[in-house]
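Novice: Residue numbers (the working numbering): 287 to 465.
Don't be surprised by glycine CBs; every beta carbon is placed ideally from N, CA and C.
Only a predicted model underlies this, so the values are computations on that prediction, with no experimental measurement involved.
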């Protein structure tokens with residue numbers, strides 16, 4: 287390949303080369319300003335996390351970043367949700383935050399006692415919450431893992447009372463009770 291063909295190709299595609307140069311510059315500049323973990327969690331270098339609007343966990347701030355471990359990220363998310371619940375229990379996000387907290391304790395930390403408290407709070411405070419079809423089974427699983435047969439059975443009875451007799455949830459609860 288001759289030099290003249292190379293230069294001719296560059297002249298014809300100068301706009302593509304300019305775009306690639308800009309993208310590389312932006313990427314290098316962004317990489318020098320932030321450090322991200324494999325999970326993508328970021329925290330301010332002072333150790334302070336910032337909450338996203340609506341209580342959706344830590345959010346990037348305009349500061350130098352350091353990495354967070356998975357456990358620290360979970361703790362930061364939990365602290366943010368709990369703080370938001372304590373400050374504004376009447377928020378439109380309260381039910382979703384209770385659900386998120388319960389799921390974090392249930393799935394990520396395997397703290398079934400804490401998870402059950404948040405699931406119970408959600409059931410009591412928001413009986414029309416759209417995600418109850420997963421709340422009831424998760425609550426049952428919490429009680430099973432805690433070895434609390436009485437509360438497990440009580441939750442199945444509540445499921446039967448909550449759902450119409452023709453629903454799958456009602457049938458499942460009835461079968462689980464052995465009735």
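1. Helix, strand or coil for residue 396? Go by DSSP, reduced to three states.
2. Once the 5 residues before and after residue 291 are set aside, which same chain residues still bring their CB inside 8 Å of it?
3. Indicate the three-state DSSP secondary structure (helix, strand or coil) for residue 377 in the structure shown.
4. Is DSSP giving residue 458 helix, strand or coil here?
5. List the endpoints of the continuous alpha helix (DSSP H) containing residue 447.
6. Go ahead and label residue 402 buried or exposed: buried means 16 or more other beta carbons lie within 10 angstroms of its beta carbon, across all protein chains shown.
7. State buried or exposed for residue 425, treating a residue as buried only when at least 16 other CB atoms are found within 10 Å of its CB.
8. Would residue 302 count as contacting chain D if we go by Cβ distances under 7 Å?
9. Do you know offhand how far residue 327's Cα is from residue 394's?
10. By the DSSP assignment, the alpha helix (DSSP H) with residue 295 in it spans what residues?
11. Pair every Cβ in the segment 404-414 with every Cβ in the segment 374-390, then say whether three or more of these pairs are closer than 8 Å.
12. Within the continuous alpha helix (DSSP H) that includes residue 423, where are the two ends?
13. Would you tell me roughly how many angstroms separate the C-alpha atoms of residue 367 and residue 446, rounded to the nearest one?
Specialist: The answer reads as follows:
1. In the chain shown, residue 396 corresponds to position 110, counting from 1. In the structure shown, residue 396 sits in coil (DSSP, three-state: anything other than H, G, I, E or B).
2. The residue given as residue 291 occupies position 5 in the chain shown. Excluding positions up to five away in sequence, the list is empty.
3. As a working note, residue 377 is residue 91 in the chain shown. If DSSP states are grouped into helix, strand and coil, residue 377 belongs with coil.
4. For the purposes of this step, residue 458 is identified with residue 172 of the chain shown, where counting begins at 1. Note: residue 458 maps to helix in three-state DSSP.
5. To locate residue 447, count along the chain shown from 1; it is residue 161. Residue 447 -> alpha helix (DSSP H) spans 435-448.
6. Along the chain shown, one-based indexing puts residue 402 at 116. So residue 402 ends up on the buried side.
7. As a first step, residue 425 must be located in the chain shown, where it is residue number 139. By the 10 Å Cβ count, residue 425 comes out buried.
8. The structure shown has no chain D; it contains just one protein chain.
9. For the purposes of this step, residue 327 is taken as the residue at position 41 of the chain shown. For the purposes of this step, residue 394 is taken as the residue at position 108 of the chain shown. Confidence is the limiting factor: at residue 327 the pLDDT is only 44, short of 50, which leaves the residue's position unreliable, though a coordinate-based value still follows. Between the alpha carbons of residue 327 and residue 394 lies a gap of roughly 16 Å.
10. As a first step, residue 295 must be located in the chain shown, where it is residue number 9. Per DSSP, residue 295 belongs to the alpha helix (DSSP H) from 289-298.
11. yes
12. As a working mapping, residue 423 is identified with position 137 in the chain shown. Start and end: 418-432.
13. The sequence position of residue 367 within the chain shown is 81, counting from 1. The sequence position of residue 446 within the chain shown is 160, counting from 1. So the alpha carbons of these two residues sit roughly 31 Å apart.
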